[in-house]
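> Residue numbers (this note's numbering), protein chains in the order written: chain A, 145 to 339; chain B, 145 to 339.
Think of the CB as a built atom: it goes at the ideal place given N, C-alpha and C, for glycine as much as any other residue.
Mind having a look at this structure? Questions to follow.
2 protein chains.
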Amino acid sequence: MARKKNSSAETTRPRIREAALRLFARHGYAAVSMRQIATEVGVQAGTLYLYTADKQTLLFDLMQAHMQDLLAALAALPAQDDPLAALEQFTRFHLRHHRARQDAVFISYMELRNLEPENFERIEAMRRAYEAHLAGILARGKATGTFDLPDAKLAAYALIAMLTGVTTWYREGGPLSLARVEDIYWDMVQKAVGA
Amino acid sequence: MARKKNSSAETTRPRIREAALRLFARHGYAAVSMRQIATEVGVQAGTLYLYTADKQTLLFDLMQAHMQDLLAALAALPAQDDPLAALEQFTRFHLRHHRARQDAVFISYMELRNLEPENFERIEAMRRAYEAHLAGILARGKATGTFDLPDAKLAAYALIAMLTGVTTWYREGGPLSLARVEDIYWDMVQKAVGA
DNA sequence: GTCTATAGCGAGATAGAC
DNA sequence: GTCTATCTCGCTATAGAC
Chain A
145 MARKKNSSAE TTRPRIREAA LRLFARHGYA AVSMRQIATE VGVQAGTLYL
195 YTADKQTLLF DLMQAHMQDL LAALAALPAQ DDPLAALEQF TRFHLRHHRA
245 RQDAVFISYM ELRNLEPENF ERIEAMRRAY EAHLAGILAR GKATGTFDLP
295 DAKLAAYALI AMLTGVTTWY REGGPLSLAR VEDIYWDMVQ KAVGA
Chain B
145 MARKKNSSAE TTRPRIREAA LRLFARHGYA AVSMRQIATE VGVQAGTLYL
195 YTADKQTLLF DLMQAHMQDL LAALAALPAQ DDPLAALEQF TRFHLRHHRA
245 RQDAVFISYM ELRNLEPENF ERIEAMRRAY EAHLAGILAR GKATGTFDLP
295 DAKLAAYALI AMLTGVTTWY REGGPLSLAR VEDIYWDMVQ KAVGA
């Protein structure tokens, strides 16, 4: 008897994605059951399969959406001829974007190993494209003498790791404002590349 | 009395730890079954419980051993009065130590969320002690004017994230030797703190 | 579109033979 | 010290009612 009428499929889909994102980030993909996700959304476990083929596809869709979002936001930034300006723009963009999406960032790094090979390759390719963008800025700056660094690609890895690390310790309401954190990181980035 | 022990018992314990470390790092704690670990070792699942109380304890023991190993190795380094020398020593030590223990490093960061609260606190305390060591070097260097940085604690977070990142991309047999990678990172670290 | 119910499986952990 | 056998539980995914 008593089944929920009047529920909107329009809102159930995003609610499933939000619940899965939060739970996967908090406990890990393998540790979260479809039942937990359903409970969080307020539906029965079987209902989830109206919206996703299976658990793996749900994970992949979350990661793919995150990476597409990231690359689209990067592409939407205004072009910068000056390597130093481009690096500052990238630094601040990366910090802001990642900080605002801690759960998705965490999952997209952490759950790579839980993707089936084909899905893994597709996500990895997008991640490489993002890294290549920064490496390109650094290589240009190195060529023009704006930067002084031994290896542009390695520096790109190092800087991205440094910047992404902010998601592991920064908490809203702490002693430092996000703007201040941005300035401090930009100061270190700038120096690290010998600008 | 001194009844002679079965010879394989001496080797089974470390073999369990090695198998668990490798499998947890590769697939994640929650995704690995006790049966898989047992198969890897070449024993039956029930045999594992001769060596560990349960799966959670096995994870905690691996992480605790890793952190104790890290702190002991850090404490064994020769004292350095000069902040710059201390920073270089720390940088090279961190890279070498983490690079040689990729699986344990990965687990100790990734599986924190799968620890029960009490176990989590104990591991976190050791991680904070390690961070505090670097923050101390930076604060001393800032006080003496050797370094130019806005925030020693934040810089410690940033540098550790940057250095630990090497474990995600460095592969033996790649184009760069570990010594070369060390030199490149040390170059960036040095510049980043305004030395 | 969501529910109840369940099939089918594999998990963690334990008991007792050898 | 290790094995076989098993208990009990919770999981993913599906079927069919409403």
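1) Does the beta carbon of P294 of chain A come closer than 9 Å to any beta carbon on chain B?
2) Do L298 of chain A and I160 of chain B have their CB atoms nearer than 9 Å?
3) Compare the C-beta of R170 of chain B with all C-beta atoms of chain A and state if any pair is closer than 9 Å.
4) Quick check: is the beta carbon of A305 of chain A nearer than 9 Å to any beta carbon in chain B?
5) Is P319 of chain B helix, strand or coil when you go by DSSP?
6) What does W330 of chain A touch in chain B if you count any residue whose Cβ is under 8 Å from its own?
7) Does the beta carbon of M254 of chain B come closer than 9 Å to any beta carbon on chain A?
8) Taking DSSP as the reference, what is the three-state secondary structure of K149 of chain B?
9) Applying the criterion that 16 or more other CB atoms from any shown protein chain within 10 Å of the CB defines a buried residue, is A164 of chain B buried or exposed?
10) Using 8 Å for Cβ pairs, my map puts K335 of chain B next to A336 of chain A. What's the rounded Cβ distance?
11) Note the first and the last residue of the continuous alpha helix (DSSP H) segment covering E184 of chain B.
12) What does the Cβ neighbour count give for L293 of chain B, buried or exposed, with the cut at 16 atoms within 10 Å?
13) Quick check on this structure: which residue in A:A197, A:R179 and A:F204 has the alpha carbon closest to the alpha carbon of M270 of chain A?
14) Starting from L239 of chain B, trace the alpha helix (DSSP H) both ways and give me its first and last residue.
15) Report the residue from A:L259, A:F237, A:R236 and A:Y193 whose alpha carbon sits nearest the alpha carbon of G172 of chain A.
16) Are V325 of chain B and L239 of chain B close, meaning C-beta to C-beta below 9 Å?
17) Expressed to the nearest angstrom, what Euclidean distance is found between the alpha-carbon atoms of A273 of chain B and L218 of chain B?
18) Which of the three DSSP states, helix, strand or coil, is assigned to E262 of chain A?
19) In terms of residues, what are the limits of the alpha helix (DSSP H) holding A296 of chain B?
20) Starting from the beta carbon of Y301 of chain B, find every residue of chain A whose beta carbon is closer than 7 Å, and list them in chain order.
21) What are the uninterrupted segments assigned as beta strand (DSSP E) that are 3 or more residues long and contained completely in the stretch 189-222 of chain A, given in chain order?
22) Given that a residue counts as buried once 16 or more other Cβ atoms are within 10 Å of its Cβ, and exposed if not, what is L221 of chain B?
23) Can you pull out the residues from the stretch 257-269 of chain B whose beta carbon lies closer than 9 Å to at least one beta carbon of chain A?
24) By how many angstroms is the C-alpha of E316 of chain B removed from the C-alpha of S151 of chain B?
25) Nearest by alpha-carbon distance to T156 of chain B: which of B:L231, B:P319, B:Q188 and B:T235 is it?
So, from the data block:
1) yes
2) no
3) yes
4) yes
5) coil
6) Under the 8 Å cutoff, chain B gives no residues; its nearest Cβ is about 10 Å from W330 of chain A.
7) yes
8) For K149 of chain B, the predicted model reports a pLDDT of 40, less than 50, meaning its position is unreliable; a value from the coordinates is still stated below. Of the three classes helix, strand and coil, the one that applies to K149 of chain B here is coil, per DSSP.
9) buried
10) 5 Å
11) M178 to V185
12) buried
13) A:F204
14) P227 to R243
15) A:L259
16) yes
17) 11 Å
18) helix
19) A296 to T308
20) G309 and W313
21) none
22) exposed
23) R257 and N258
24) Residue placement at S151 of chain B cannot be trusted, given a pLDDT of 45 that sits under 50; the coordinates are not used to answer.
25) B:Q188
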